Each structure stands twice: as structure tokens, then as C-alpha cells.
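A.B. asks: Next up is a structure, given as C-alpha cells.
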Amino acid sequence: MGQGKDAKTRQDPQVEIQERGEIFFFYRPKVNKEEAHSVDDVQRLYIVMRPESGENPVEEKQDPLSGKEGSGGDEDDNNSSKKGGEGGHGVEKVNIEKQILLRFIVMGKKTLPDPSKKSQPFWGFVEMVTKNVEDVKEALKGEEYQTKTRGHRHKPPARAVGEGIYRILRHKPTPTRKHHTHLVYKLEFPSRTEKHEPQESMNIEPEGSFLIQVRNPEQGRGGRGSEFRGLKRKRKAQFPAHLQAHLGHTRFGAADPPDFLNYEGCEFLLISASDDIEEELGVELESEGEGDESSCDLVKTFGDDVDATPLLRGTWD
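What follows is the structure in C-alpha cells.
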């Protein structure tokens with residue numbers, strides 16, 4: 001499938017494309033449930049982003065020597081590397097046009113924001129950033145474990161529920177509109193000819209646009225989004241100084257540049273803007289090989305390690 005194509009459909013759409021790539025959606029059924037038959041049976045919604053091109057083909061990510069890459073973002077700050085002399089964990093350069101880069105994102109709710117509720121923010125965070133596909137496969141696996149109070153527990157493996165292309169867009173400021181960024185996507189799987197039962201239940205529309213706002217880890221609670229408890233201090237992102245400077249003293253700022261999302265512990269808000277990208281922003285996304293299972297990049301990337309029935313058939317099982 002690849003990153004697909006895009007075209008501006010207005011003479012002056014007032015948006016600039018910062019990053020292009022592939023996006024995958026997964027859900028995990030609740031503990032001790034092998035299958036989900038409705039959204040009530042879902043424990044968690046995950047998003048995996050693979051950036052493939054952008055304004056800058058070389059992006060910055062967290063230094064792998066920080067001890068956090070591929071670890072699930074739960075390392076102690078004292079173990080971090082300060083390579084590069086900036087921020088808490090240093091930086092590594094990655095050419096996203098030549099190297100694979102994966103962001104594993106955990107959403108705070110088990111659905112995306114409802115497109116009919118334009119002002120309701122949904123919290124999420126970057127759990128893991130890695131160049132190794134096996135790290136993501138491991139994160140999606142099931143697990144057997146024991147608890148003192150409830151005994152043996154089974155955490156079922158995650159299921160793939162959507163595949164498509166995405167863009168991160170910079171919306172140019174005007175006298176009445178502040179600088180902000182959009183995350184937009186268009187699904188390739190399931191195709192429009194298939195059912196969309198789990199997708200509809202989780203508000204994973206065939207296409208969608210969200211305002212994406214990065215939370216400033218140096219600002220405390222209060223203001224917009226204060227109802228979100230957020231990550232514990234040791235799990236919060238530590239951005240290098242030049243990125244942190246973009247946020248200033250604001251509590252939330254634009255995801256500009258998208259490198260913010262390459263740091264584990266990056267917290268953000270998604271705010272539904274539209275389910276019609278072209279009408280809202282004057283940009284049309286076009287995927288490649290829609291509905292052709294042989295072109296499904298998720299299956300090619302993750303193989304039989306992930307159940308893809310909800311993705312390919314649009315049904316729970």
C-alpha cells in the first residue's frame with residue numbers, strides 16, 4: 001500500500017503537509033475474553049504509525065541508548081542516556097525514507113473521538129518508538145499471568161481493525177485562527193464494500209480529521225484537558241531543548257514538527273474535526289490497491305502474529 005497519494009483540491013487550501021505515512025489500528029479484548037463481540041468487550045485501542053516521508057526526510061527520535069526504545073516506556077529516568085547534550089534522553093537521526101520507524105500509541109479510551117462531537121478531546125500517549133517490527137509484535141501479543149487477588153489471568157492478543165494512510169498537516173494561522181496541526185487518515189482496509197461493525201463501534205470512520213495537540217511535560221495540571229490524569233512523572237516524555245522550546249509555557253501545542261511523536265511518553269489530545277477531509281481542508285487522500293488483500297501491508301509486516309479478520313472482513317470474528 002505504501003503512503004498513498006495526496007492532492008490539494010483548492011487553489012489555496014491553507015495547509016502544508018508535514019508528514020506522510022501508514023497508519024494501523026488495533027484493539028485488545030478485555031482480560032479473560034478471547035474474543036470481542038462489541039465495544040463493551042474491548043479493553044484497549046492502539047494506533048501504530050509508520051512515517052515514510054515528510055518536510056524533512058530525516059527525523060529525530062529518542063536515542064536508543066536511553067534504555068527506553070522498545071521497552072514500553074517504563075524505564076527509570078536515572079537510566080537514561082544524555083547523548084547529544086539535549087533533553088533527558090538524547091536524540092537519534094532516522095531517515096524515514098530509508099529506514100522503518102514505528103510509533104506504538106495507546107489511546108485512553110477504547111474509541112476514537114466521535115466526529116459529531118467537535119470539541120471533546122481524547123487523550124493518548126506514545127508507548128513505544130522503535131525501528132524493530134518485533135518490538136511491536138511483542139506489544140500486541142497475549143499474556144498469561146498470576147495476581148494475588150484474582151489468580152490466573154489471560155490477556156488476549158490484539159486484533160487488527162484498520163489500515164490506511166495518514167498525513168500530519170500544518171494549518172496556516174490567520175488573524176482569527178491560531179497555528180495548529182491536524183492528523184488525517186483514510187482507511188484502505190476494510191474496504192468500503194466490506195462490513196464495518198467493529199470500526200463503527202470504535203468511531204474508526206473510513207476517513208477522519210483530528211486536531212492533534214501535544215501536551216507540555218513541563219507544565220502541571222490545569223487548563224484545557226486537566227481532567228486527564230496523564231502519565232506518571234518518570235514516564236513522561238523528556239523532549240530535547242529545541243523541541244521543548246516550541247511548547248514554551250503553553251500546556252498544549254501543535255505537533256509541529258511531528259518529531260514530538262518520536263519520544264516515548266509524549267502525551268497528546270485528539271479532537272475530532274471532520275469525517276470529510278476534502279471538504280474540511282481541501283486535501284484529497286488516495287490509497288493504493290484498496291480492498292486487495294495481497295496489498296495489505298499490515299499482513300505483510302506482522303504476518304500471522306496478528307489476527308486480521310476484523311481488518312479484512314469488517315466483523316468482530
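Per the UniProt record's numbering, the very first residue in the sequence shown carries number 1; after that it's consecutive. C-beta atoms are modelled at their ideal positions from N, C-alpha and C, and glycine is treated no differently. All of these numbers come straight from a predicted model, not from anything done at the bench.
1. For the alpha helix (DSSP H) holding serine 201, just list the boundary residues, first then last.
2. Please check the pair aspartate 6 and arginine 235, which I expect to be a contact at CB under 8 angstroms, by giving their CB distance rounded to whole angstroms.
3. Return the bridge partner residues of leucine 187 from the DSSP annotation.
4. Give a yes or no on whether the C-beta atoms belonging to glycine 4 and glutamate 288 are separated by under 8 angstroms.
5. Can you tell me the Cα-Cα spacing of phenylalanine 268 and valine 214, whole angstroms?
6. Taking the DSSP output, what are the residues bridged to alanine 7?
7. To which residues of the same chain is glutamate 144 closer than 8 angstroms at the C-beta, ignoring the five residues directly before and after it?
8. For serine 272, name the three-state secondary structure that DSSP assigns.
9. Can you give me the start and stop residues for the beta strand (DSSP E) that glutamate 19 sits inside?
10. Report the three-state DSSP secondary structure of glutamine 244 (helix, strand or coil).
11. DSSP three-state label for phenylalanine 239, please.
12. Can you check DSSP and say which residues form a bridge with tyrosine 46?
13. Below 8 angstroms, can you find three or more Cβ-Cβ pairs linking the segment 189-208 to the segment 243-251?
14. Classify leucine 112 as helix, strand or coil using the three-state DSSP reduction.
15. Flag this pair as yes or no: are the beta carbons of arginine 28 and isoleucine 100 separated by less than 8 angstroms?
16. DSSP three-state call for aspartate 12: helix, strand or coil?
17. Could you check what DSSP says for alanine 308 in three-state terms: helix, strand or coil?
18. From the DSSP output, in three-state form, read off threonine 169 for me.
C.D. replies: Reading it off the structure:
1. Residues 197-201.
2. In this structure aspartate 6 does not touch arginine 235 by the C-beta definition: roughly 34 angstroms separates them, more than the 8 angstroms allowed.
3. Residue pairing by DSSP puts leucine 187 in a beta bridge opposite Gly164.
4. Contact: yes.
5. The straight-line gap from Cα to Cα measures roughly 4 angstroms.
6. Looking at the DSSP assignment, alanine 7 forms a beta bridge with Glu284.
7. Counting only residues of its own chain and dropping the five nearest sequence neighbours on each side, glutamate 144 has a CB closer than 8 angstroms to the CB of His152, Arg153, His154, Lys155.
8. Serine 272: strand per DSSP, three-state reduction.
9. Looking at the DSSP string, the run of the beta strand (DSSP E) that includes glutamate 19 is 15-29.
10. Three-state DSSP puts glutamine 244 in a helix.
11. Phenylalanine 239 falls in the coil class under three-state DSSP.
12. Its beta-bridge partners are Phe26, Val106.
13. The segment 189-208 makes no contact with the segment 243-251: fewer than 3 CB pairs, one atom from each, lie closer than 8 angstroms.
14. The DSSP-derived three-state label of leucine 112 is coil.
15. For arginine 28 and isoleucine 100, no; Cβs fall outside 8 angstroms.
16. Here DSSP, grouped into helix, strand and coil, assigns aspartate 12 to coil.
17. Of the three classes helix, strand and coil, the one that applies to alanine 308 here is coil, per DSSP.
18. One detail in the question is off: residue 169 reads as leucine in this sequence, not threonine. Annotated three-state conformation of leucine 169 is strand, per DSSP.
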